[in-house]
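Inspection log for the structure reproduced underneath, given as structure tokens.
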Amino acid sequence: MLHAWNQVHPDATVQPGDRVSKVNGVSTISGMGKELRSPSVAMEIIRYPASFEVELSKRAADDTLRKLGFKFEKPGGHGLKELKITEVGKDGLLGEANNKQAELGLFHYVVASDMRISKVNDVEGDASLISEELKTAEVVKIQIRRAEVQKLAKEKVIKSTELLGMVAALAKPELFARAAAVSKSDGPGSSLEAESQPATSGDEAAAADAAAAAAAAAT
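If you count by full-length UniProt numbering, then the sequence shown holds residues 1 to 219, one letter each, in order.
Below is the structure:
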């Protein structure tokens, strides 16, 4: 059904990483789960920005310096461009900023573990320099990138690689493997049988279809 929606609404497609915020007007996790089993379902979808900025000032009103309140992986090698956030504490400047955004319902601006720091003030492209800027600057404008963006990109590359592997296998005319999966209704009892046969014109068409799918996935 969702695929059909995307086909009819190309300007409002639902994509991997999108969030379901309401189902039939219900916003609780358990309530949405129940509504998804209803005969008619109306979902509200939200899409978080791939990156956003958080500005923190270490100097308090009484002129004392406060801690940022989060930990990150220290760069262990040359060439790293980003820092990975490993922990966000409840106390500290970032924890306070998170609480304010949550109170406003702006959860897409809440910083969490595994997110990446790609830029601090005008420093970017070098994790060591970004780390130093975080330590020394009194006011830091931090550009945050969601980790799921990179994860989805990796999954897309893996899928494209698998499809290209299928194309390479189908392109060998002297050996075409036909796999027939024989599965049972329940349990782990399933088997896979394969036999070697010469490729036919139908096999060539399948290879062409797989190549087209790989090209589409790579875009």
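For glycine and all other residues, C-beta sits at the position ideal for the given N, C-alpha and C.
- Beta bridge counterpart(s) of L65 as assigned by DSSP: By one-based count along the sequence shown, residue 65 stands at place 65. Partner residues in the beta bridge of L65, as assigned by DSSP, are R59.
- Query: Just how far apart, CA to CA, sit D126 and A42?
  - Reply: Position 126 of the sequence shown, counted from the first residue, corresponds to residue 126. Position 42 of the sequence shown, counted from the first residue, corresponds to residue 42. The alpha-carbon separation between D126 and A42 amounts to approximately 45 Å.
- Item | First through last residue of the beta strand (DSSP E) which encompasses S27 | Indexing the sequence shown from 1 puts residue 27 at position 27. Going by DSSP, S27 is part of no beta strand (DSSP E) at all; its letter is neither H nor E.
- Which listed residue (V26, R146, P39 and K22) has its alpha carbon closest to that of M1: For the purposes of this step, residue 1 is identified with residue 1 of the sequence shown, where counting begins at 1. The residue with the shortest Cα to Cα distance from M1 is P39.
- Following the continuous beta strand (DSSP E) through T86, name the residue where it begins and the one where it ends. Numbered from 1 along the sequence shown, position 86 holds the residue referred to as residue 86. Residue range L83 to V88 is occupied by the beta strand (DSSP E) that includes T86.
- Query: Hey, L94 and V88: beta-carbon distance below 8 Å or not?
  - Reply: Within the sequence shown, the letter at position 94 stands for residue 94. Within the sequence shown, the letter at position 88 stands for residue 88. Against a cut-off of 8 Å, the Cβ pair of V88 and L94 comes out as a contact.
- Buried or exposed: which applies to L106, given that a residue is buried once 16 or more other Cβ atoms fall within 10 Å of its Cβ? Here the question's residue 106 lines up with position 106 in the sequence shown. Exposed.
- Exposed or buried, which one is A61 when buried takes at least 16 other CB atoms within 10 Å? As a working mapping, residue 61 is identified with position 61 in the sequence shown. So A61 ends up on the exposed side.
- Message: For G189, which residues in the same chain have their Cβ closer than 6 Å to its Cβ, ignoring the five residues on either side in sequence?
- Response: Translated into the one-based positions of the sequence shown, residue 189 becomes position 189. Any reading at G189 must be qualified, since the residue scores a pLDDT of 42, below 50, and its modelled position is unreliable; the value itself is stated next. Correct list: empty, nothing qualifies.
- Sheet register partners of V23 (DSSP bridge): Here residue 23 refers to the residue found at position 23 of the sequence shown. As computed with DSSP, V23 is found in a beta bridge with V26 and M43.
- Item | Y48 versus P16 - alpha carbon distance | Taking the sequence shown and counting its residues from 1, one reaches residue 48 at position 48. Taking the sequence shown and counting its residues from 1, one reaches residue 16 at position 16. If you take the alpha carbons of Y48 and P16, they lie about 11 Å apart.
- Item | Spatial distance of A218 from S118 (CA atoms) | Within the sequence shown, residue 218 is the residue found at index 218, counting from 1. Within the sequence shown, residue 118 is the residue found at index 118, counting from 1. With a pLDDT of 49 at A218, under the threshold of 50, the modelled position of that residue is not reliable, and the figure given next carries that caveat. Going from the Cα of A218 to the Cα of S118 covers about 25 Å.
- Could you give the distance in angstroms between the alpha-carbon of T64 and the alpha-carbon of G92? For the purposes of this step, residue 64 is identified with residue 64 of the sequence shown, where counting begins at 1. For the purposes of this step, residue 92 is identified with residue 92 of the sequence shown, where counting begins at 1. Looking at the backbone, the Cα of T64 and that of G92 are separated by about 13 Å.
- Task: For the alpha helix (DSSP H) holding K135, just list the boundary residues, first then last.
- Result: What you label residue 135 is simply residue 135 of the sequence shown in a count that begins at 1. For K135, the enclosing alpha helix (DSSP H) starts and ends at A127 to T136.
- Task: Report the residue from L129, S27 and V111 whose alpha carbon sits nearest the alpha carbon of R146.
- Result: Position 146 of the sequence shown, counting from 1, holds the residue named residue 146. Checked all of L129, S27 and V111; the closest Cα to R146 is V111.
- Query: For H9, does the count of other Cβ atoms within 10 angstroms reach 16, so buried, or fall short, so exposed?
  - Reply: By 1-based counting over the sequence shown, the position of residue 9 is 9. Here H9 is exposed: its Cβ has fewer than 16 other Cβ atoms, across all protein chains shown, within 10 Å.
- Backbone secondary structure at V8 - three-state DSSP: Taking the first residue of the sequence shown as 1, we reach residue 8 at position 8. In the three-state DSSP reduction, V8 falls in the helix class (H, G or I).
- Query: Under a three-way DSSP split, which group does Q143 fall into?
  - Reply: Taking the sequence shown and counting its residues from 1, one reaches residue 143 at position 143. Residue state, collapsed to three classes: strand.
- DSSP three-state assignment for K74, whether helix, strand or coil: Residue numbering aside, residue 74 sits at position 74 when the sequence shown is read from its first letter. In the structure shown, K74 falls within a coil segment according to DSSP collapsed to helix, strand and coil.
- For S113, the first and last residue of its enclosing beta strand (DSSP E): Position 113 of the sequence shown, counted from the start, is the residue given in the question as residue 113. No beta strand (DSSP E) contains S113, which DSSP labels as neither H nor E.
- Task: Compute every distance between the C-beta of D114 and the non-hydrogen atoms of the ligand FAD, then say whether any falls below 7 Å.
- Result: As presented, the structure is devoid of all ligands, the ligand FAD included, so that no description of it is given.
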